[in-house]
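Sequence order for the protein chains is F and B.
The first sequence begins at 6 in this note's numbering and counts up by one.
The second sequence begins at 6 in this note's numbering and counts up by one.
Every residue gets a Cβ at the ideal spot worked out from N, C-alpha and C, and that includes glycine.
What follows is a single structure, written as structure tokens, with notes after it.
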Amino acid sequence: MIRFHNVSMRYPTGYEALKGVSFALPRGSFYFLTGHSGAGKTSILKLIYRAERPSEGTVVIGGRNIDQLTNRQLPLLRRSVGVIFQDYKLLYDRTVYDNVALAMEVAGQEPDRIPGQVMRTLESVGLKDYTYQNPIALSGGEQQRVAIARATVNRPSLVIADEPTGNLDKEMGRRILSLFQTLHKQGTTILLVTHDVDLARELKHPHIEMVDGEISYLPDSARLVEESLS
Amino acid sequence: MNPTPDGFSTRRRGSKTSKRKGWLPARGAKVNRANKNQRIKAGPMGDDAKTTTSKSFQLRSLKRAWSRFHAGSLSHWTTTIIIALSLTIFGTFTLLLSNANTALESWSGDDLVTVFMEERVSLSQIEALHQSITQIPGATDVLVVSPAEAMGRMKNMLGSEAGLLDNLRENPLPYSIEFRMRDQIHQMTADLAYEVGTWAGVEAVSYDQLWAEKLSALIHTFRFVGLVLTLLLLTAVALIISNTIKLTIIARRDEVEVMRFMGATDAFIKTPFIYEGVLQGSFGALGALLFTTLLYWGAEGATAELGSAFGIYLTLHFLPIDQLLIILALGIVLGLVGALISLSRFLEI
């Protein structure tokens, strides 16, 4: 589902965030991406939803080199990927419901389908009672769940999350991770960035470790083999 | 719903082994600017994924624009008032020019030449001048007006104020000869009037048409100057609208960024901003129509009084419907242009 082939990424400032990164994540898998700050974890996520483009190498999602997507095809890629940001990126001038519904409006869903789907998704993350509250009034864990609801309301096949437990205590972190676990059980491919290796180990999913823009540990299941390049 | 051990309830949408195929657009799949009647081929919700129709998309964009406009910041309302005032200036100018043209047209119909005699002129001289004018090729309706007839006309014109003339000891009005020129162009008549003015016994010649032409030239000059000033004014208004939209874009940059990463199309992000500009322009134009109407009501009475003071019938006509529609269209176009300028400069998707 996700293939990075010898990907390097250099920011306009000259900083090299990724150096020859290669891996392949199969459909329906659950991987953690670990590493210290500045290791290049977030850069990998940005390449997946094409907020950034590689300086070298190719990023293939769902069998397509996303660097070759036209401006008209790019929105479809982004609708297919549920992105959860470390700082949530919620809109604080509207309610929880509106934040989640926006994702469906953006995807061009029929208006009559939106309320039901939003309410089901909010229920699935345990936020039904907060539907018409402003996110600013919610705790960090609750805001994170709003962000998860927004990222998953369109039922994307791939969910990527940047430090979803980074601002939470251990207990809330476990609760959030169990939500991803549930999504994974439903067939969603998950790539989760975290620096909390202990928390990641509790879920017993494989992890890719990064150091200074390079992969320092790659499980065999994520190794890029020649046939997956074709 | 299946409650999970952590207490969150979840809804199962498939089994662990369920496989989704082709979550990316198929090769060649396009995202229509307005998501027009399009099914996302193998999109995030599989083959069942449907998108909204263009009409519904436009309606929702308009609603989003309206809610922003309605919630409105001070800059929105300031811009709307500036548009209203600018278009009011344009409307008032159009109103004045329109009335001046109407007055000119009614005046243009009177191509009477009036030859005023000197005070000492004798009746035989008047008769001789009458003969001379009658012999001018094309001269018609030649009529000698005595001082008594002239006084009678003046009394008629003054109406209820005619009593003022009763105190005059003697009639100060001279003999005059009136005539018209058949099928002549105005300049030729004007030249003729000038020539008659040089004849012996003639005090002065009045030819209204000449004044009408001079006034017409003056109105044309005003119209040109007005057009240039209006263009400058409207350009300024378009830039003000552009600036307001720019401020809105800056205030909403987080929202724009989030929508972009959620897969919003250019049209989805930009269309509400365009509608916002159009709404500002439309409301500004409606305000201008209101202000122009109020000005007209105020000026209508004052004009009638002014005419009455000079003993003439003066009336002010309101703008015809087509010119009102032009003002409304100008507002909409200004809003549209302002928004487009701003989007092209400040919103890179």
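Should Val105 of chain F be flagged as near chain B, meaning a C-beta pair shorter than 7 Å? Along the first sequence, read from residue 1 onward, the residue named residue 105 of chain F stands at position 100. Val105 of chain F does not count as touching chain B.
Could one say the Cβ of Leu197 of chain F lies closer than 7 Å to chain B's Cβ atoms, at least one of them? On the first sequence, residue 197 of chain F is found 192 positions in, with the first residue counted as 1. With 7 Å as the cut-off, Leu197 of chain F does not count as an interface residue toward chain B.
Given a cut-off of 7 Å on the beta-carbon distance, is the pair Val230 of chain B and Ile182 of chain B in contact? Your numbering for residue 230 of chain B matches position 225 in the second sequence. Your numbering for residue 182 of chain B matches position 177 in the second sequence. No.
On a CA-only basis, which of F:Val86, F:Asn139, F:Thr75, F:Pro116 is nearest Tyr97 of chain F? Give me that one, please. Residue mapping note: residue 97 of chain F aligns to position 92 of the first sequence, counting from 1. Checking every option, the nearest Cα to that of Tyr97 of chain F belongs to F:Asn139.
Apart from the five residues on each side of it in sequence, which residues of its chain come closer than 8 Å, Cβ to Cβ, to Leu348 of chain B? For this step, residue 348 of chain B is matched to residue 343 along the second sequence. Cβ within range, chain order: Ile250, Ile254, Lys275, Phe278, Ile279.
For Met122 of chain B, the nearest candidate out of B:Trp204, B:Ile141, B:Arg257, B:Ile246 (CA to CA): Taking the second sequence and counting its residues from 1, one reaches residue 122 of chain B at position 117. Of B:Trp204, B:Ile141, B:Arg257, B:Ile246, the residue nearest in Cα terms is B:Trp204.
Bounding residues of the alpha helix (DSSP H) (the contiguous stretch that carries Tyr212 of chain B): Against the second sequence, residue 212 of chain B aligns to sequence position 207. Note, Tyr212 of chain B: premise wrong, no alpha helix (DSSP H); beta strand (DSSP E) at 207-212.
Where Thr270 of chain B meets chain F, residues with beta-carbon distance less than 7 Å: The residue given as residue 270 of chain B occupies position 265 in the second sequence. Under the 7 Å cutoff, chain F gives Pro80.
Could you tell me the boundaries of the alpha helix (DSSP H) in which Met6 of chain F lies? Along the first sequence, one-based indexing puts residue 6 of chain F at 1. Neither: Met6 of chain F is in no alpha helix (DSSP H) and is coded neither H nor E.
Would a check of beta-carbon distances place Phe278 of chain B closer than 7 Å to chain F? Your numbering for residue 278 of chain B matches position 273 in the second sequence. Phe278 of chain B does not count as touching chain F.
Might you give, ordered along the chain, the residues of its own chain that have their beta carbon closer than 6 Å to the beta carbon of Arg155 of chain F, omitting 5 neighbours on each side? For this step, residue 155 of chain F is matched to residue 150 along the first sequence. Counting only Cβ-Cβ distances below 6 Å, and skipping sequence neighbours, we find Asn104, Val105, Ala108.
In its own chain, which residues sit with a C-beta less than 6 Å from the C-beta of Ile141 of chain F, not counting the 5 before and 5 after it? To locate residue 141 of chain F, count along the first sequence from 1; it is residue 136. Excluding sequence neighbours, Ile141 of chain F sits near Tyr97.
To the nearest angstrom, report how far apart Met267 of chain B and Thr107 of chain B are at their CA atoms. By one-based count along the second sequence, residue 267 of chain B stands at place 262. By one-based count along the second sequence, residue 107 of chain B stands at place 102. In a straight line, the C-alpha of Met267 of chain B is about 60 Å away from that of Thr107 of chain B.
Cβ-heavy atom distance between Ala112 of chain F and the ligand GDP below 6 Å? Although the ligand GDP was asked about, the structure shown includes no ligands whatsoever.
Of the residues that make up the segment 295-319 of chain B, which ones have a beta carbon closer than 8 Å to any beta carbon in chain F? none
How is the alpha helix (DSSP H) around Glu110 of chain F delimited, first residue to last? Start at 1 with the first residue of the first sequence, and residue 110 of chain F comes out as number 105. 101-111 is the extent of the alpha helix (DSSP H) around Glu110 of chain F.
Which residue or residues does DSSP assign as beta-bridge partners of Ile220 of chain F? In the first sequence, the residue the question calls residue 220 of chain F occupies position 215. Answer is F:Met215.
Can you give me the C-alpha to C-alpha distance between Ser14 of chain B and Gln148 of chain F, rounded to a whole angstrom? Walking along the second sequence from the start, residue 14 of chain B turns up at place 9. Walking along the first sequence from the start, residue 148 of chain F turns up at place 143. Confidence at Ser14 of chain B is low in this model, with a pLDDT of 37, below 50, so the placement of that residue is unreliable and no value is reported for it.
Look at the Cβ atom of Arg84 of chain F, then the Cβ atom of Asp72 of chain F, and state whether they are nearer than 7 Å. Mapped onto the first sequence, residue 84 of chain F falls at position 79. Mapped onto the first sequence, residue 72 of chain F falls at position 67. No.
What three-state label does DSSP hand Asp167 of chain F in the structure shown? Within the first sequence, numbered from 1, the residue matching residue 167 of chain F stands at position 162. Strand, per DSSP.
By the criterion of Cβ-Cβ separation under 7 Å, what are the contact partners of Glu207 of chain F in chain B? Along the first sequence, one-based indexing puts residue 207 of chain F at 202. The premise fails here: Glu207 of chain F is roughly 13 Å from chain B at the closest Cβ pair, so nothing lies under 7 Å.
Closest by C-alpha distance to Ser183 of chain F, when choosing among F:Leu38, F:Leu163, F:Leu204: Residue mapping note: residue 183 of chain F aligns to position 178 of the first sequence, counting from 1. For the residues F:Leu38, F:Leu163, F:Leu204, the minimum Cα distance to Ser183 of chain F belongs to F:Leu204.
List the residues of chain F whose Cβ lies closer than 8 Å to the Cβ of Asp4 of chain B, in chain order. Any property of residue 4 of chain B remains undetermined from this structure, which presents chain B solely from 6 to 354.
So that I know if they touch, is there some Cβ in chain B lying closer than 7 Å to that of Arg83 of chain F? Position 78 of the first sequence holds residue 83 of chain F. Interface residue, yes.
For Gln313 of chain B, the nearest candidate out of B:Ala195, B:Met162, B:Leu294, B:Met264 (CA to CA): As a working note, residue 313 of chain B is residue 308 in the second sequence. The sequence shown places Ser at residue 313 of chain B, not Gln. For Ser313 of chain B, the nearest C-alpha among the options comes from B:Met162.
Whole-angstrom Cβ separation of Arg185 of chain B and Thr139 of chain B, contact assumed at under 8 Å? On the second sequence, position 180 is the one that residue 185 of chain B refers to. On the second sequence, position 134 is the one that residue 139 of chain B refers to. That belief does not hold up - the Cβ atoms of Arg185 of chain B and Thr139 of chain B are roughly 12 Å apart, past 8 Å.
Proximity below 7 Å, CB of Ile224 of chain B to CB of Ala105 of chain B: Here residue 224 of chain B is taken as the residue at index 219 of the second sequence, counted from 1. Here residue 105 of chain B is taken as the residue at index 100 of the second sequence, counted from 1. Yes, the Cβ-Cβ distance between Ile224 of chain B and Ala105 of chain B is below 7 Å.
Using a Cβ-Cβ cut-off of less than 7 Å, list which residues of the segment 48-62 of chain F approach chain B; keep chain order. Tyr54, Ala56
Cut-off 7 Å between Cβ atoms - residues of its own chain near Arg8 of chain F, not counting five sequence neighbours on either side: As a first step, residue 8 of chain F must be located in the first sequence, where it is residue number 3. Hits under 7 Å: Ala29, Val65, Leu229, Ser233.
Rounded C-alpha distance that separates Ser144 of chain F from Ser287 of chain B: Residue 144 of chain F sits at position 139 when you count from the first residue of the first sequence. Residue 287 of chain B sits at position 282 when you count from the first residue of the second sequence. The alpha-carbon atoms of Ser144 of chain F and Ser287 of chain B are separated by roughly 43 Å.
Could you list the residues in the segment 65-80 of chain B with a C-beta less than 8 Å from some C-beta on chain F, going in chain order? Arg65
Express the C-alpha separation of Leu188 of chain F and Glu168 of chain F in angstroms, rounding to a whole number. Counting from 1 along the first sequence, the entry for residue 168 of chain F is found at position 163. Counting from 1 along the first sequence, the entry for residue 188 of chain F is found at position 183. Cα to Cα, the separation comes out at about 17 Å.
Touch test, the segment 233-242 of chain B against the segment 38-57 of chain F, Cβ-Cβ under 8 Å, three pairs minimum: no
Quick one, which of F:Arg32, F:Gly19, F:Tyr20, F:Val12 has its alpha-carbon nearest Met6 of chain F's? Here residue 6 of chain F refers to the residue found at position 1 of the first sequence. The option with the nearest alpha carbon to Met6 of chain F is F:Arg32.
Alpha carbon to alpha carbon, how far is Pro116 of chain F from Ser61 of chain B? Give it in angstroms, no decimals. Within the second sequence, the letter at position 56 stands for residue 61 of chain B. Within the first sequence, the letter at position 111 stands for residue 116 of chain F. Near 9 Å, if we compare the C-alpha coordinates of Pro116 of chain F and Ser61 of chain B.
Identity of the residue in F:Ser60, F:Phe37, F:Ser27 nearest Pro17 of chain F by Cα: On the first sequence, residue 17 of chain F is found 12 positions in, with the first residue counted as 1. Of the listed residues, the one whose Cα sits closest to Pro17 of chain F is F:Ser60.
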